[in-house]
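Engineer: So that we are looking at the same thing, I have put the structure below in structure tokens.
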Amino acid sequence: MSRAEADNLLNAGRWLRRLPLLLLPCLLVACAPGVQKPASSGQDDSIYFTENRSIDAAVRREFAQAVELMKVEQYTQAITILERVAKQTPNNSAPYINLAIAYSRLDKNEQAEASFQQALAINPNHPVALNEMALFYRGQGRFQEARQLYEKVVARYPEYMPARMNFGILCDLYLNDTPCAIREYEAYSEAHPEDETVKLWVATLRRKLEG
Numbered sequence: 709m710s711r712a713e714a715d716n717l718l719n720a721g722r723w724l725r726r727l728p729l730l731l732l733p734c735l736l737v738a739c740a741p742g743v744q745k746p747a748s749s750g751q752d753d754s755i756y757f758t759e760n761r762s763i764d765a766a767v768r769r770e771f772a773q774a775v776e777l778m779k780v781e782q783y784t785q786a787i788t789i790l791e792r793v794a795k796q797t798p799n800n801s802a803p804y805i806n807l808a809i810a811y812s813r814l815d816k817n818e819q820a821e822a823s824f825q826q827a828l829a830i831n832p833n834h835p836v837a838l839n840e841m842a843l844f845y846r847g848q849g850r851f852q853e854a855r856q857l858y859e860k861v862v863a864r865y866p867e868y869m870p871a872r873m874n875f876g877i878l879c880d881l882y883l884n885d886t887p888c889a890i891r892e893y894e895a896y897s898e899a900h901p902e903d904e905t906v907k908l909w910v911a912t913l914r915r916k917l918e919g
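In the working numbering, each residue carries its 1-based index in the sequence shown increased by 708.
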């Protein structure tokens, strides 16, 4: 599989896999990083970030309902619920991250960016929000802004592999920064030695440098 093909697959399925598994617990228990990767890592993401909040049971049910709506691409309805949840839990970033994802799926980029900014206003170093906003910027062709966000994530959370992989893809396919791509892919590969595809990418890029 080429790096571009893998990137397309990641983008196609990343948010659906992540919503029920990570952003819902983010609201209910602790806000742990999201996952975007070609294979499961078995990594305990909860070590990276926590938002311990007391959340009303009714609010939790509403958030879960919004997640289910997003899974079936009912973004407008999900947004209505998430906006209500966000007002009820103003110090929790999870609803804003989901709002940003939902708005971006509807190509409402201004609202998506505002939601990301709100999430980061609550938690400026939140790895999920930074990683997702970087992906959002990349989709808009704002590659240097995306790079700045990835650099912030990997500096603070060097073992947060979703950002390492995504940073590598940005450097590889969009910035033509081969040394950066090798560094990030190798970091990911060290954490996921079973992933032969990423090892192949690294070997290909090393040949490119040597050639």
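We put the CB at the ideal spot given by N, CA and C, even for glycine.
1. Kindly give me the distance between the Cβ atoms of Pro835 and Val861, rounded to whole angstroms, as I take these residues to be in contact under 8 angstroms.
2. Candidates Tyr783, Val906 and Asn800: which alpha carbon is nearest Arg829's?
3. Counting along the chain, where does the alpha helix (DSSP H) carrying Glu847 start and finish?
4. Could you check the C-alpha separation between Ser812 and Gly876 for me, to the nearest Å?
5. As a quick exercise: from Glu821, His900, Gln825 and Trp909, pick the residue whose alpha carbon is nearest that of Cys879.
6. Determine, using beta carbons only, whether Leu807 and Leu838 come nearer to each other than 8 angstroms.
7. Label Val780 either buried or exposed according to how many other C-beta atoms from any shown protein chain fall within 10 Å of its C-beta, with 16 as the threshold for buried.
8. Which of helix, strand or coil does DSSP assign to Thr886?
9. Tyr783 and Leu814 - do their beta-carbons sit closer together than 8 angstroms?
10. Should Asn831 go down as buried or exposed, given a rule of 16 or more other Cβ atoms within 10 Å for buried?
11. Starting from Gln819, trace the alpha helix (DSSP H) both ways and give me its first and last residue.
12. For the alpha helix (DSSP H) holding Ile787, just list the boundary residues, first then last.
13. Just the Cα atoms here: how many angstroms apart are Ala810 and Lys816?
14. Within 10 angstroms of the Cβ of Leu730, are there 16 or more other Cβ atoms? Answer buried if so, exposed if not.
Structural biologist: According to the structure data:
1. 5 angstroms
2. It should be noted that the sequence gives Ala, not Arg, for residue 829. The residue with the shortest Cα to Cα distance from Ala829 is Asn800.
3. It should be noted that the sequence gives Gly, not Glu, for residue 847. Unbroken alpha helix (DSSP H) run through Gly847: Pro835 to Gly847.
4. 22 angstroms
5. Trp909
6. no
7. exposed
8. helix
9. yes
10. buried
11. Asn817 to Ile830
12. Tyr783 to Gln796
13. 9 angstroms
14. With a pLDDT of 38 at Leu730, under the threshold of 50, the predicted position of this residue should be treated as unreliable, and no value is reported.
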